[in-house]
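Note that the protein sequences, when read in sequence, are chains A and B.
In terms of my numbering, the first sequence opens at residue 1 and continues consecutively.
In terms of my numbering, the second sequence opens at residue 1 and continues consecutively.
Just so you know, even glycine gets a beta-carbon here, dropped at the ideal spot from N, CA and C.
Here is the structure we will look at, set down as C-alpha cells.
2 protein chains.
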Amino acid sequence: MTNRARQQLAGSRNARASLTMSEPLLSFFFFFSFLLHSAISDASQCSVKGLPLVRNISELPQDNYGREGLSHITVAGSVLHGMNEVEVWLQTFSPGSRTPIHRHSCEEVFVVLKGSGTLYLASNSHDKYPGKPQEFSIFPNSTFQIPVNDAHQVWNTNEDEDLQVLVVISRPPVKVFIYNDWFMPHTAAKLKFPYYWDEKCLQLPQKDEL
Amino acid sequence: MTNRARQQLAGSRNARASLTMSEPLLSFFFFFSFLLHSAISDASQCSVKGLPLVRNISELPQDNYGREGLSHITVAGSVLHGMNEVEVWLQTFSPGSRTPIHRHSCEEVFVVLKGSGTLYLASNSHDKYPGKPQEFSIFPNSTFQIPVNDAHQVWNTNEDEDLQVLVVISRPPVKVFIYNDWFMPHTAAKLKFPYYWDEKCLQLPQKDEL
Numbered sequence: 001m002t003n004r005a006r007q008q009l010a011g012s013r014n015a016r017a018s019l020t021m022s023e024p025l026l027s028f029f030f031f032f033s034f035l036l037h038s039a040i041s042d043a044s045q046c047s048v049k050g051l052p053l054v055r056n057i058s059e060l061p062q063d064n065y066g067r068e069g070l071s072h073i074t075v076a077g078s079v080l081h082g083m084n085e086v087e088v089w090l091q092t093f094s095p096g097s098r099t100p101i102h103r104h105s106c107e108e109v110f111v112v113l114k115g116s117g118t119l120y121l122a123s124n125s126h127d128k129y130p131g132k133p134q135e136f137s138i139f140p141n142s143t144f145q146i147p148v149n150d151a152h153q154v155w156n157t158n159e160d161e162d163l164q165v166l167v168v169i170s171r172p173p174v175k176v177f178i179y180n181d182w183f184m185p186h187t188a189a190k191l192k193f194p195y196y197w198d199e200k201c202l203q204l205p206q207k208d209e210l
Numbered sequence: 001m002t003n004r005a006r007q008q009l010a011g012s013r014n015a016r017a018s019l020t021m022s023e024p025l026l027s028f029f030f031f032f033s034f035l036l037h038s039a040i041s042d043a044s045q046c047s048v049k050g051l052p053l054v055r056n057i058s059e060l061p062q063d064n065y066g067r068e069g070l071s072h073i074t075v076a077g078s079v080l081h082g083m084n085e086v087e088v089w090l091q092t093f094s095p096g097s098r099t100p101i102h103r104h105s106c107e108e109v110f111v112v113l114k115g116s117g118t119l120y121l122a123s124n125s126h127d128k129y130p131g132k133p134q135e136f137s138i139f140p141n142s143t144f145q146i147p148v149n150d151a152h153q154v155w156n157t158n159e160d161e162d163l164q165v166l167v168v169i170s171r172p173p174v175k176v177f178i179y180n181d182w183f184m185p186h187t188a189a190k191l192k193f194p195y196y197w198d199e200k201c202l203q204l205p206q207k208d209e210l
C-alpha cells in the first residue's frame, strides 16, 4: 500500500499515522486471528469436551476424506468421542467404489444396512502375500467379521445402488496396512496411520508451528 | 408294556425274546439318543465352526430370553461367533419395555435404527448408589455411548412404536451388575453372568451330567 492510498483511506492525520504505524501489527493481528480461529475450529471439532451425549448422526461430520465415492461418518470414535476400546463408523460406497486392499490387527464387524456388493478376503496370511482372495456376496441385513490381520477389500459391485454399512472396530484408532494388489508381500504393505478420518485430529498435537 | 402287548408287537419268538431282553437297553438307547441329539443341537448352535462368513441377520437366533417386550439377536458375538474384543447386538424393545437398571465395566455404543425412547443415566458413580438419573431423549438415527461403569437404563417410552437399536460392547461376553432401583447401593447390585443370551452356550462346558 502506498502513502497516497493510505491517505485516501484515512481522513485525519492521526488516523493516517495510526494506520501507518500499526500496519505490521495489524497484519500480524489478522494473521494471528486467522490461525487462532483455525486452531479453535480444529480444536472444537477434535475436542471430546462439550459434546452432547446423544448425537444426531446426520449432523456429524461427513466427508470422503479424499477417497472417491466414499462417505464416512465416525459415529463413535477414539479421536473424536473419547472411545478407548471400540469405534463405530457409518460408511456409504457409491456404485463401483471400494476400500483399499488392507489389513489391520484389530477385530472388525460389518453390518450391511442397504445395498449389496462383494467382500474379497485373503485368509492365507501365513503366506508371504495375500494371494487370490475368496469372494463373498454381501447383501442388505447381512453381517460379517474380518479375521484379525487378514487382507480384505469391500467393494460396491452393484452398479445401481449405494452400499451402506455400519463398521465396528476394536483397538481404535485404526492402524491400517495398505496393499497395492493381492500379490504385494505383507512386509511391503504400507502403514497408513493416522487413517484418513483420524488425520486431522491426531496430527493436531504435532503442529508446533501454530 | 405287558408280555401280551409285546407278543402283539413281535411275531416270532426270537424277536419277542430279543425285545424282551433289550428293553432296558432300548430305553437307555432312546434316552441316550435324546440327550445326544440335544447336546448336538446345543453344540451346533453354540459352535463357531462351520458358520458362514457372511450371515443373514434375519436368519440368526432371535429370542426374548425371558424378558418381556425384548427381541435380541447377537449379530456378532463372543460366545456364538468367536469375537474376542467387540460384540454387536440387534435389539428391539416393544412400547413400554426396557433394560434393567444396570452397569458394566465395558464400553457400549448405541445406534438407534428406528423408534424413540429415553436413556436414563446416573453418572455419579462415585456415590454409594446411582441416585436420580439424568434423562436423555433418543431418536431415530441418534447415537450415544455409555460411560464405563455408569448405571443406566434404556426405555422405550414411545407408546406407539418399537425401539430398535444396534448395540456395540467391548470386552465380551458382557458381565452385568443389575440394580433393583436407582438408590440400591453399588455394592448390592447383583452380577448376572453369563448374561441372558450367553447363558445357554457359556453353561455348556459345565453340564457334566450330560
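Please classify residue i: is it buried, with 16 or more other beta-carbons within 10 angstroms of its beta-carbon, or exposed?
| i | result |
| --- | --- |
| N149/B | exposed |
| L256/B | Within the shown structure, residues of chain B are numbered from 1 to 210, placing residue 256/B beyond reach of any answer. |
| S58/B | exposed |
| A188/A | exposed |
| E135/B | exposed |
| S137/A | exposed |
| V48/B | exposed |
| N156/B | buried |
| E159/A | exposed |
| H126/B | exposed |
| F144/A | buried |
| G66/B | exposed |
| P61/B | exposed |
| F177/A | buried |
| P133/B | buried |
| F193/B | exposed |
The alpha helix (DSSP H) spanning residue i covers which residue range?
| i | result |
| --- | --- |
| D167/B | The amino acid at residue 167/B is misidentified as Asp; the sequence shows Val. Where V167/B is concerned, there is no enclosing alpha helix (DSSP H), although the beta strand (DSSP E) it sits in stretches over L163 to S170. |
Which of helix, strand or coil does DSSP assign to residue i?
| i | result |
| --- | --- |
| V79/A | helix |
| V187/B | Here residue 187/B is Thr; the residue named in the question, Val, does not match the sequence. If DSSP states are grouped into helix, strand and coil, T187/B belongs with the helices. |
| Y196/A | helix |
| L113/A | strand |
| S47/B | coil |
| M21/A | Residue placement at M21/A cannot be trusted, given a pLDDT of 37 that sits under 50; the coordinates are not used to answer. |
| D127/A | coil |
Look up residue i in the DSSP assignment and give the residues it is bridged to.
| i | result |
| --- | --- |
| A108/A | Sequence inspection shows Glu at residue 108/A; the Ala mentioned does not correspond to that position. The partner list for E108/A (beta bridge, DSSP) reads I146/A and I169/A. |
| I73/A | L90/A |
| N56/A | S142/B |
| V154/A | L119/A |
| R98/A | W155/A |
| E85/A | Partner(s): none; E85/A has no beta bridge. |
| E135/A | Y120/A |
Could you give the C-beta distance for residue i and residue j, rounded to a whole number, given that I count them as a contact under 8 Å?
| i | j | result |
| --- | --- | --- |
| V75/B | L90/B | 5 Å |
| H104/B | W197/B | The pair is not a contact, with the Cβ atoms about 14 Å apart (cut-off 8 Å). |
| C106/B | R171/B | 4 Å |
| S97/A | G115/A | Not a contact, Cβ separation roughly 11 Å. |
| W182/A | P147/A | With 8 Å as the limit, W182/A and P147/A do not qualify as a contact, their Cβ atoms being about 16 Å apart. |
| P173/A | L191/A | Actually they do not touch by this definition, with Cβ atoms about 13 Å apart. |
| Q153/A | P100/A | 7 Å |
| V88/A | V167/B | Not quite, the Cβ-Cβ distance comes to about 10 Å (not below 8 Å), so this is no contact. |
| T92/B | D162/B | 5 Å |
| I169/B | E85/B | Wrong, their Cβ atoms sit about 10 Å apart, outside the cutoff. |
| Y179/B | A151/B | 6 Å |
Which residues bound the beta strand (DSSP E) around residue i?
| i | result |
| --- | --- |
| I101/B | I101 to R103 |
| Q62/A | First-last for Q62/A: undefined, no H or E at that position. |
| V174/A | Unbroken run through V174/A: none, as it is neither H nor E. |
Contact criterion: CB-CB distance below 9 Å. Does residue i meet it with respect to chain C?
| i | result |
| --- | --- |
| A122/B | Among the protein chains of the structure shown, namely A and B, there is no chain C. |
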